[in-house]
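Participant: One structure is given below, represented as C-alpha cells, and several questions about it will come after.
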Amino acid sequence: MSKHAPESVSIFNARIMRSALADSLIKLDPRTLWRNPVMFCVEIASVITLVTFVMSMLGINHEPAWFTGFVSLWLWLTVIFSTFAEALAEGRGKARAASLRKTRTDVKAKLLKKPEFGTPFELVAATELRKDNYILVEAHDMIAGDGDVIAGAALVNEAAVTGESAPVVRESGGDRSAVTGGTTVLANSIIVRITANPGETFLDRMISLIEGAKRRKTPNEIALEVLLIALTVVFLLVCANISPLSLYSVKAMGQGTPISLTILVALFVCLAPTTIAALLPAIGIAGMDRLFQKNVIALSGRAIEAAGDVNVLLLDKTGTITLGNREAVEFIPVGGYTEEDLAEVALVASLTDETPEGRSIVTLARQKYGAGMQELPADAETIAFSAETRLSGVNVGGKQYRKGATDSTVAFVRSLGAQAIPNTLESVVDRVARAGATPLVVSCDAQIYGVINLKDIIKGGIQERFQQLRSMGIKTVMITGDNPLTAAAIAAEAQVDDFLAQAKPEDKLSLIRKNQEAGFMVAMTGDGTNDAPALAQADVAVAMNTGTQAAKEAANIIDLDSNPTKLLDIVEVGKQILMTRGNLTTFSISNDVAKYFAIIPAMMLSIYPQLGVLNIMHLASPFTAILSAVIFNAVIIPLLVPLALKGTKFRPMPAEKLLIHNLLLYGAGGIVAPFVGIKLIDMIIGMVV
C-alpha cells in the first residue's frame with residue numbers, strides 16, 4: 115500500500131456491485147425500510163399497484179393490464195434503486211473494513227507482571243489482554259493491542275493501519291508514545307501499557323465506523339429527513355383529496371371517468387421527494403468514505419458536518435504552516451568577530467546536536483565557511499538542551515561552547531565573568547526576530563561571538579490554500595509558542611488572518627471559547643496531552659495518530675498520516691458533503707415541475723378537455739404520459755448515484771455566491787431535465803406499445 119491513502123475502491127467495482135444488489139433486495143424488508151419514511155411510502159405504493167395489476171389481469175379493474183403492470187414494475191424499481199444506492203455506498207466501506215480485518219491474526223502477547231525489562235513474561239492471546247496490562251514487544255513482534263509506550267524506544271511499521279510505508283519511532287514520554295494494535299516493531303524493544311479492552315481498540319472503531327451500516331444520522335440529515343416527510347404528507351393529502359374531487363367532477367360535468375387508484379398512486383410517487391430521499395443515506399456514507407480515502411477517520415458524522423460549517427481554523431505553526439524544521443541560513447557576528455570565527459564556534463557547539471536545527475548549523479558552517487573540526491575528541495562533554503537552561507553545547511579542551519536563547523546565553527557568559535555584552539547584540543536579535551526567524555546566540559567561554567539566524571521555512575502553496583479558505587469566509591489563526599515579533603512575521607509571510615503567540619494550553623482553550631461565544635464554529639489540530647482540553651472544546655478536533663492517547667480520546671477526527679495540513683482537506687470534504695446534499699435536494703424538488711405538466715393534464719383530460727393546453731410536451735396519450743413520468747422518476751436515481759458517491763465539485767467561494775450558482779445549475783437543471791427525459795421516454799413507449 116502506498117504512503118498516501120488506503121487502496122482505492124472503484125464506485126462500480128464488480129464484486130461490490132454484486133454484493134450491493136443482493137443487499138438492496140434484503141433492504142426491501144419493511145422492518146428495515148421504515149427508517150427511510152419516504153421510500154417506505156413508495157414501497158406501500160408499489161404493493162398497491164401490484165394489487166391493481168392483478169385486478170386488471172382478472173378483469174376486475176378496467177385499466178389496461180400493460181399500464182398497471184408497468185407502473186407497478188417501475189415503482190418497485192424506484193424502491194430497489196434507492197436501497198441499491200445505500201447498499202453500494204455501504205459496500206465500499208465494508209470492502210475497506212475487510213482489508214483492515216486482514217491485519218488481525220492470532221497474535222500472541224508477552225504479558226508482564228511488572229513493567230520492567232528483564233521481567234519474566236507469559237505468552238497469552240491478544241484477546242485475553244485487558245486495560246492496564248503490560249506487555250513486552252520485541253523486534254519483529256506484532257503489537258497485540260492499543261497502548262502507550264512506558265519504557266524503551268522502537269522503530270514501528272504502521273503500514274497495516276495507516277498505509278504509510280516509512281517506519282516511525284515510538285518511545286516513552288513525550289507526544290509519540292501511543293502505539294496501535296496490528297502494527298509491527300521492526301527494531302529494539304518496548305514495554306507497552308494496554309489502554310483498551312478487546313473490541314474497543316482503535317482498529318475495532320475504525321472498522322465499525324467505515325462500515326456505513328453503523329453510521330448514525332447527523333443533525334442536518336435528520337432535519338432534512340423531517341422536511342422530506344412533511345412534503346410527503348402534504349402530497350399524500352393532496353392525492354387523497356383528488357379522488358373525491360374527480361368523482362364529484364364526473365357527476366357534475368356528466369363526462370369522463372374518475373381518476374383510478376393506480377394513477378393517484380403514480381401521481382403521489384412522482385410528486386414525493388423520492389430522488390433525494392433515495393440518495394440521502396448514500397451521500398452521508400460516501401462522505402465518510404471519501405475522508406477515509408484521505409487516511410482520515412471521522413469518529414462521528416456530526417464532526418464531518420461541523421467541518422463543513424467551520425468559520426475559524428486554529429493551525430499549529432510547526433508542521434502545518436512551516437515545514438517543521440528550522441534551518442540555519444545566516445551567521446551574524448558581533449563584538450568584532452568575523453563570520454568565520456562565529457562559524458567555527460557554532461560548529462563545535464553543534465557537533466553533538468542531533469536535532470534538525472543542529473545538523474543544519476553544522477552543514478552551513480562547513481559548506482559556506484569551511485569550518486574544519488570533523489568530530490570531537492573522546493574527552494568532550496556534551497551539554498544537552500533543557501527547558502530550564504535553554505542552552506546546549508560542548509565542553510572540550512578546557513573551553514565551554516554554548517548556543518541558545520538570548521537571555522540564557524547572556525546569563526551564562528556573565529556567570530563566567532563577562533564584563534560587557536556586545537552593543538550590537540540586541541539590535542541583531544531584534545532584527546532576526548522581526549523577520550520571523552529564531553535568533554540563537556553563540557558563545558565560547560565568557561565571549562559572545564554572534565547570532566545564528568534559524569529560519570522557519572513556509573510550506574509551498576500554503577498561501578494559496580489560505581486564500582481559498584478566506585474566499586469561503588473562513589478565518590485562519592496560527593498558534594505558536596514563538597515570541598510575538600517572530601509570530602507576526604511568519605503570520606504575514608504565510609498570509610494567515612491572525613495569530614496567537616507564546617500559546618499555552620489555557621490560551622488555546624480560551625481562544626476557542628471566545629470564538630464559539632461569538633457564534634463561530636471552530637476547528638483545530640493537536641497531538642499532545644496539553645492539546646487535549648482545547649481539542650475537547652473545539653467543534654472539529656483533529657488528532658494526529660502519532661499523538662498521545664489523551665489527544666486522540668479528546669478528538670472527533672483522527673488523521674492516520676499525522677499530517678496537520680489535513681485539516682484543510684477535512685474542511686473541504688465537510689463542505690462538499692453539505693453542498694452535495696443541498697444540490698441534490700434542489701434538483702429533486704425542481705423535478706416536480708415537469709411532472710405536473712405530464713401527469714395532471716393526463717389524469718384530468720377526460721373530465722376537463724380544456725386541460726389539453728397544458729400538454730406542452732405533446733405526450734402521446736394519458737397512459738404513456740403517466741408511465742413516462744413514473745419511469746423518469748425511477749431512472750433518475752441510479753443516474754445520480756455516481757454524483758452522490760463522488761460528491762459535487764468543491765468550489766471555494768462565499769456562501770451567497772455558491773447558493774446562486776447551485777440554484778442556477780441544479781435548480782434550473784432539475785426543471786429542464788425531466789421535460790427532456792419524459793418526452794424521450796414517451797416517444798420510446800409510443801413506438802413499443
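For the sequence shown, the numbering used here assigns the number 115 to the initial residue and increments by one for each residue that follows. Each residue gets a CB set at the ideal place from its N, CA and C atoms; glycine is no exception.
#1: By Cβ distance below 6 Å, which residues in the same chain neighbour residue 412 in space, the five residues on each side in sequence not counted?
#2: Can you tell which of 142, 686, 382 and 196 has the C-alpha that lies nearest to the C-alpha of residue 420?
#3: Excluding five sequence neighbours on each side, which residues of the same chain lie with their C-beta closer than 6 Å to the C-beta of residue 286?
#4: Let me know the secondary structure DSSP gives residue 279 once reduced to three states.
#5: What is the C-beta distance between residue 610 and residue 590, in whole angstroms, given that I count them as a contact (C-beta under 8 Å)?
#6: For residue 657, list the residues DSSP reports as bridge partners.
#7: Could you tell me whether the Cβ atoms of residue 640 and residue 704 are closer together than 8 Å?
#8: Helix, strand or coil: which one does DSSP assign to residue 451?
#9: Can residue 179 and residue 170 be called in contact, C-beta distance under 8 Å?
#10: Since I believe residue 777 is in contact with residue 700 (beta carbons under 8 Å), could you give me their beta-carbon distance rounded to a whole number of angstroms?
#11: Residue 284 by DSSP, collapsed to three states: which one?
#12: Mark residue 166 as exposed unless 16 or more other C-beta atoms lie within 10 angstroms of its C-beta, in which case mark it buried.
#13: If you reduce the DSSP assignment to three classes, tell me which class residue 194 lands in.
#14: How is residue 156 classed by DSSP in three states: helix, strand or coil?
#15: In chain order, what are the residue ranges of uninterrupted alpha helix (DSSP H) at least 4 long that sit wholly in the segment 765–795?
#16: Using DSSP with H/G/I as helix, E/B as strand and the rest coil, what is residue 222?
#17: Any idea what DSSP makes of residue 300, helix, strand or coil?
#18: Does the beta-carbon of residue 253 have 16 or more other beta-carbons within 10 angstroms, so that it is buried, or is it exposed?
#19: Taking only three categories from DSSP, how would you classify residue 714?
#20: So which of 659, 665 and 658 has the shortest CA-CA distance to residue 650?
#21: For residue 416, name the three-state secondary structure that DSSP assigns.
#22: Does residue 205 come out as helix, strand or coil in the three-state DSSP assignment?
#23: Should residue 597 be labelled buried (16 or more other beta-carbon atoms within 10 Å of its own) or exposed?
#24: Are there 16 or more other CB atoms within 10 angstroms of the CB of residue 148, so buried, or fewer, so exposed?
#25: DSSP three-state call for residue 133: helix, strand or coil?
#26: For residue 393, which of 760, 797, 491 and 376 has the nearest alpha-carbon?
#27: Leaving out five residues before and five after residue 623 in sequence, what residues of the same chain have Cβ atoms less than 7 Å from its Cβ?
#28: Straight-line CA distance for residue 753 to residue 203?
#29: Whether or not the segment 228–238 and the segment 190–205 are in contact is what I'm after, with contact meaning three or more pairs of Cβ atoms, one per stretch, closer than 8 Å; do they touch?
#30: For residue 91, which three-state DSSP category applies?
#31: Would you list the residues sitting across from residue 728 in a DSSP beta bridge?
#32: Which two residues bound the contiguous beta strand (DSSP E) that contains residue 174?
#33: Based on the DSSP secondary-structure assignment, which residues constitute the bridge partners of residue 531?
#34: Going by DSSP in three states, residue 307 sits in which element: helix, strand or coil?
#35: Going by Cα to Cα distance, which pick from 541, 308, 600 and 479 is closest to residue 550?
#36: On the criterion of 16 or more Cβ atoms from any shown chain inside 10 Å, does residue 200 qualify as buried, or is it exposed?
Facilitator: Answer, in terms of the structure:
#1: As a first step, residue 412 must be located in the sequence shown, where it is residue number 298. Within the same chain, residue 412 has close Cβ partners 402, 405, 418 and 671.
#2: As a working mapping, residue 420 is identified with position 306 in the sequence shown. Comparing alpha-carbon positions, the option among 142, 686, 382 and 196 lying closest to residue 420 turns out to be 686.
#3: Start at 1 with the first residue of the sequence shown, and residue 286 comes out as number 172. Contacts found: 263, 264 and 265.
#4: Looking up residue 279 in the sequence shown gives position 165. The pLDDT assigned to residue 279 is 48, lower than 50, so where the model puts this residue is not dependable; a value taken from the coordinates is nonetheless given after this. Residue 279 falls in the coil class under three-state DSSP.
#5: Sequence index remark: in the sequence shown, residue 610 carries index 496 (1-based). Sequence index remark: in the sequence shown, residue 590 carries index 476 (1-based). 4 Å between Cβ atoms; contact.
#6: As a position in the sequence shown, residue 657 is number 543, starting the count at 1. DSSP lists 640 and 672 as partners of residue 657.
#7: Start at 1 with the first residue of the sequence shown, and residue 640 comes out as number 526. Start at 1 with the first residue of the sequence shown, and residue 704 comes out as number 590. Contact flag unset, no.
#8: What you label residue 451 is simply residue 337 of the sequence shown in a count that begins at 1. In the structure shown, residue 451 sits in coil (DSSP, three-state: anything other than H, G, I, E or B).
#9: The sequence position of residue 179 within the sequence shown is 65, counting from 1. The sequence position of residue 170 within the sequence shown is 56, counting from 1. Yes, the Cβ-Cβ distance between residue 179 and residue 170 is below 8 Å.
#10: Start at 1 with the first residue of the sequence shown, and residue 700 comes out as number 586. Start at 1 with the first residue of the sequence shown, and residue 777 comes out as number 663. Cβ-Cβ separation between residue 700 and residue 777: approximately 6 Å, consistent with a contact (criterion under 8 Å).
#11: Position 170 of the sequence shown, counting from 1, holds the residue named residue 284. In the structure shown, the three-state DSSP call for residue 284 is strand.
#12: Working through the sequence shown from its first residue, we reach residue 166 at position 52. Result: buried.
#13: Within the sequence shown, numbered from 1, the residue matching residue 194 stands at position 80. Secondary structure of residue 194 (DSSP, three-state): helix.
#14: Looking up residue 156 in the sequence shown gives position 42. DSSP places residue 156 within a helical segment (H, G or I) once states are collapsed to three.
#15: Look at the segment 765–795 and you find these whole runs of alpha helix (DSSP H), each 4 residues long or longer: 769–776.
#16: For this step, residue 222 is matched to residue 108 along the sequence shown. Residue state, collapsed to three classes: strand.
#17: Mapped onto the sequence shown, residue 300 falls at position 186. Strand, per DSSP.
#18: The residue you call residue 253 lines up with position 139 of the sequence shown. It counts as exposed.
#19: Translated into positions along the sequence shown, residue 714 becomes position 600. DSSP places residue 714 in helix when its eight states are reduced to three.
#20: Here residue 650 corresponds to residue number 536 of the sequence shown, with the count starting at 1. With distances taken between Cα atoms, residue 650 lies closest to 665.
#21: For the purposes of this step, residue 416 is taken as residue 302 along the sequence shown, with counting starting at 1. Correct three-state label for residue 416: helix.
#22: Along the sequence shown, read from residue 1 onward, the residue named residue 205 stands at position 91. Looking at residue 205 - three-state DSSP - the assignment turns out to be helix.
#23: Within the sequence shown, numbered from 1, the residue matching residue 597 stands at position 483. Taking a 10 Å sphere around the C-beta of residue 597, we find fewer than 16 other C-beta atoms and assign the residue as exposed.
#24: Residue mapping note: residue 148 aligns to position 34 of the sequence shown, counting from 1. The residue in question, residue 148, is exposed, as its Cβ has fewer than 16 Cβ neighbours within 10 Å.
#25: In the sequence shown, the residue the question calls residue 133 occupies position 19. Residue state for residue 133 is assigned as helix, using DSSP reduced to three classes.
#26: Along the sequence shown, read from residue 1 onward, the residue named residue 393 stands at position 279. The option with the nearest alpha carbon to residue 393 is 760.
#27: Translated into positions along the sequence shown, residue 623 becomes position 509. Excluding sequence neighbours, residue 623 sits near 647, 648 and 651.
#28: Locating residue 753 in the sequence shown gives position 639, where the first residue counts as 1. Locating residue 203 in the sequence shown gives position 89, where the first residue counts as 1. So the alpha carbons of these two residues sit roughly 15 Å apart.
#29: Judged by Cβ distances under 8 Å, the segment 190–205 makes no contact with the segment 228–238, as fewer than three pairs qualify.
#30: There is no way to answer for residue 91, as the model of the chain reaches only from 115 to 803.
#31: The residue given as residue 728 occupies position 614 in the sequence shown. Answer is none; residue 728 lacks a bridge partner.
#32: Within the sequence shown, residue 174 is the residue found at index 60, counting from 1. First-last for residue 174: undefined, no H or E at that position.
#33: Within the sequence shown, residue 531 is the residue found at index 417, counting from 1. In the DSSP output, where bridge partners are listed per residue, residue 531 has none listed.
#34: Your numbering for residue 307 matches position 193 in the sequence shown. In the three-state DSSP reduction, residue 307 falls in the strand class (E or B).
#35: Position 436 of the sequence shown, counting from 1, holds the residue named residue 550. Just measuring C-alpha positions, the residue of 541, 308, 600 and 479 sitting nearest residue 550 is 600.
#36: Here residue 200 refers to the residue found at position 86 of the sequence shown. By the 10 Å Cβ count, residue 200 comes out buried.
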